[in-house]
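Asker:
Chains as they are written, first to last, in our numbering: chain V, 848 to 1006; chain U, 4 to 665.
1. Using the C-alpha atoms, what's the distance from residue 344 of chain U back to residue 164 of chain U?
2. Report the residue from U/81, U/51 and U/69 whose alpha carbon sits nearest the alpha carbon of residue 500 of chain U.
3. Give me, in chain order, the residues of the same chain whose beta-carbon lies closer than 6 Å to that of residue 383 of chain U; leave out the 5 immediate sequence neighbours on both sides.
4. Would you be able to state if there are at least three C-beta pairs under 8 Å between the segment 275-284 of chain U and the segment 297-307 of chain U?
5. Just confirm the distance between the C-beta atoms of residue 104 of chain U and residue 162 of chain U, as a whole number of angstroms; I'd bet it's less than 8 Å.
6. Could you pull the start and end residues of the beta strand (DSSP E) that residue 702 of chain U belongs to?
7. Do the segment 529-540 of chain U and the segment 550-568 of chain U meet, that is, are 3 or more Cβ pairs less than 8 Å apart?
8. Quick check: is the beta carbon of residue 924 of chain V nearer than 9 Å to any beta carbon in chain B?
9. Can you name, in chain order, every residue of its own chain whose Cβ lies under 6 Å from the Cβ of residue 633 of chain U, other than the five neighbours on each side?
10. Whose C-alpha, out of V/999, V/1000, V/987 and V/1003, is nearest the C-alpha of residue 579 of chain U?
11. Checking contacts by CB at 9 Å: is residue 963 of chain V closer than that to chain U?
12. Whose C-alpha, out of U/188, U/350, U/65 and U/609, is nearest the C-alpha of residue 247 of chain U?
13. Could you name the residues of the same chain whose beta carbon sits closer than 6 Å to that of residue 393 of chain U, not counting the 5 residues immediately before and after it, in chain order?
14. Just how far apart, CA to CA, sit residue 466 of chain U and residue 410 of chain U?
15. Are the C-beta of residue 1000 of chain V and some C-beta of chain U separated by less than 9 Å?
16. Can you tell me whether residue 644 of chain U is buried or exposed, with buried defined as 16 or more other CB within 10 angstroms of its CB?
17. What residue from U/591, U/603, U/517 and U/514 has the CA that sits closest to residue 524 of chain U's CA?
18. So, using beta-carbon positions, are residue 543 of chain U and residue 560 of chain U closer together than 9 Å?
19. Is it buried or exposed, residue 704 of chain U, if we count other Cβ atoms within 10 angstroms and call 16 or more buried?
20. Alpha carbon to alpha carbon, how far is residue 541 of chain U from residue 639 of chain U? Give it in angstroms, no decimals.
21. At 8 Å on the CB atoms, spell out the chain V contacts of residue 520 of chain U, in chain order.
22. When the Cα atoms are used, what is the spatial distance from residue 989 of chain V to residue 996 of chain V?
23. If we cut at 9 Å on Cβ distances, does residue 979 of chain V have a partner in chain U?
24. Would you please verify whether the beta carbon of residue 536 of chain U is less than 9 Å from any beta carbon of chain V?
25. Using a Cβ-Cβ cut-off of 6 Å (strictly less than) and excluding sequence neighbours within five positions of residue 448 of chain U, which residues of its own chain qualify?
26. Which residue's Cα is closest to the Cα of residue 180 of chain U: U/189, U/174, U/195 and U/186?
27. Please list the partners that residue 901 of chain V has in chain U, where partner means a Cβ-to-Cβ separation under 9 Å.
28. Taking the beta carbon of residue 219 of chain U as the centre, do at least 16 other beta carbons fall within 10 Å, making it buried, or is it exposed?
29. First and last residue of the alpha helix (DSSP H) that includes residue 978 of chain V?
30. Using CA atoms only, rank isn't needed, just tell me which of U/258, U/207, U/496 and U/280 is closest to residue 470 of chain U.
31. How big is the Cα-Cα spacing for residue 916 of chain V and residue 932 of chain V?
32. Here's the rule I'm using: 16 or more other beta-carbon atoms within 10 Å means buried, otherwise exposed. How should residue 868 of chain V be labelled?
33. Any chance the segment 207-217 of chain U sits against the segment 226-245 of chain U, with 3 or more Cβ pairs inside 8 Å?
34. Which residues, in order along the segment 541-556 of chain U, keep a beta-carbon less than 7 Å from a beta-carbon of chain V?
35. Quick one: residues in its chain with C-beta nearer than 6 Å to the C-beta of residue 88 of chain U, no 5 flanking neighbours on either side, listed in chain order?
36. Strictly under 9 Å for the Cβ-Cβ distance: is residue 649 of chain U near chain V by that measure?
Here you go:
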């Protein structure tokens, strides 16, 4: 009987183990500095940049006008249906002052890696609880997301 | 001792029972062996190994199943309207079903051909034939959509189609019903022998785009062409057609077209025919036929009427067509993977003749003919014959091949699949089918490199295999494992419509190329709305065009006023989503055609002719989000003379302190 129990336990252990190591392996690219903390743990400790390919963004002043114009066009085609430029929430939150509330990396990761963000990023999950509609993947490249970010900065009155 | 005796008795009794059962005729249940379930189980989250593209027969569609699970993934509308996604109902897709006879909403699709390169599957296109109003269609295996339909002039019914050459140079369309063609078409039916002719169209396929056009037509004697296959390898450049009714009967064919012991296989040297066309030896025939193409950037189909086709006459150009006698009323005409052997299945024959391409060529070179039939040379049967499979079964129909030199022939009358060796002509195994098998399919079976592993039977009669659903039953397919010496029945699975021919292709050749969304940036629809800011309503005379957007979970505009009775309203709905598997639907109360379903990044149009004054709701018909039920709007329809201005909005709430507007 003891043996059976032990075998059962071993089976349980084994059935869980591969999953865990797989998760760690998936997340390892996000571990920028620490090798001991998982990406999720790091996000909890430092929720500012989000999860995704965007690690650091250089912002210029004055604003890059070409980016603002391109970002505006992308906004009208792919974002405006859910996001107003005021503080008013439509389907998603209004964009006014979003560049004050969020780091630029977080914004761009949210735009380009939304499914992972909604699954793992605390701040993104809070927004989902509030809005109750998952933000869709709108198939926006990192370059395009950078243009949208510049458009947001412009909307927030940055120069 | 007593216990011993008792045990012995028990054992003997059990043995007797087992033996009794063993002697019973094998019922369907017993055909299944222990590990069948394991072999067809595809665990949640796992994928099937093969796509099975199956003709829908009288439903005019193709359906897509997974093998080995037998699960239905998709129905692709081809020659029939499909309410599920608005095909043939939306303004964009209506032109796909246009013909020289006008709009044909329903046809009969019998055979599938998947595109090939070097005789092997390349996973690009699936072709299908319309049997009734003769046409051929091309489905893109990236989008699983019908992209093109070409009508066939001078044809009385397109059965011997759409079989394909080994580099997808041509697909063919041989007429099943010979008919009077040309200027003199109002003739007595009794003048069949004099006036009725067949044609075989060779449809050229553009190697890049897949676009089809009729390269040339062969004029043939007035027989019925049944099925066909292209040569491959050494026989590449030739095409083989089975034909029946060489009696040229025009009534009670059941009896009158079954008189002769032998009908024919027609061997066509299409490379030679192509040369004659290039040399200007074809004549022009004045005709009328439709060519319909779906543009993947405008998401809109156009229909063009063509008026000319090139024809070759093999009774004048003597070296492009030869008849080979074949017993009796041949149906399937299948080329083996090596390209050397052509297997013809005489529906009424008690044997299967296997012809040799090498012997056929020698007979042609030696002019080893027994005479002519209607001006076309007839090769002597023995001179083209490799050998005969003796007593294979009753009613052979079709043959597919595996990768080990074996053939699998379906037998309608004796309800079985018979496995035999192509070289030795020996029968190796036979398994029953439930019931009355028609076509069958081995993955890659018609190619130079069959993938083998399974044979799938497509049966004509279902009877007691499923829970009954009244007089109309589902059709049945059955999956057999052919990886061992003996065929093993694994699975029954129900099918839609009536499956005729089907092909199976490894998922790895199709799955990685599957389109997930249409890029909104590349949408060139004339009525596209690329963002809510562009949404609007325009009046052009009595036409009202609504440029509408859909995204989770609202439509813009969702309040429309100023429509008048007598107007024709077009809702051009653009789905702004760019996420996989998020279609939106659109329906408006009283629309007499259907609904539409709009894929991410696509624009589709629903025409609505309001027939009463009032306010009609419209809404999204595809559950899209937690707030799907809120995805709705109103269109106000006023009396013809009313002065309600045209206006539209979303999210505008009236100031209730003022008196309500008129």
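Ideal placement from N, C-alpha and C gives every residue a C-beta, glycine not left out.
Quantities reported herein were computed from a predicted structural model and do not represent experimental measurements.
Answerer: Taking the geometry as given:
1. 20 Å
2. U/81
3. 371 and 373
4. no
5. 18 Å between Cβ atoms; not a contact.
6. Since the first and last residues shown for chain U are 4 and 665, residue 702 of chain U lies out of range.
7. yes
8. Although the question refers to chain B, the structure presented lacks it and instead comprises the protein chains V and U.
9. 556
10. V/987
11. no
12. U/350
13. 354
14. 28 Å
15. no
16. exposed
17. U/603
18. no
19. Chain U is shown from 4 up to 665; residue 704 of chain U falls before or after that span and cannot be answered.
20. 15 Å
21. 986
22. 10 Å
23. yes
24. yes
25. 403 and 404
26. U/195
27. Going along chain U, no residue has its Cβ under 9 Å from residue 901 of chain V, so there is no contact; the nearest lies around 19 Å.
28. buried
29. 969-978
30. U/496
31. 15 Å
32. With a pLDDT of only 40 at residue 868 of chain V, under the threshold of 50, the placement of this residue in the model should not be trusted; the figure read from the coordinates follows. The residue is exposed, with fewer than 16 neighbouring Cβ atoms inside 10 Å.
33. no
34. 552, 554, 555 and 556
35. 600
36. no
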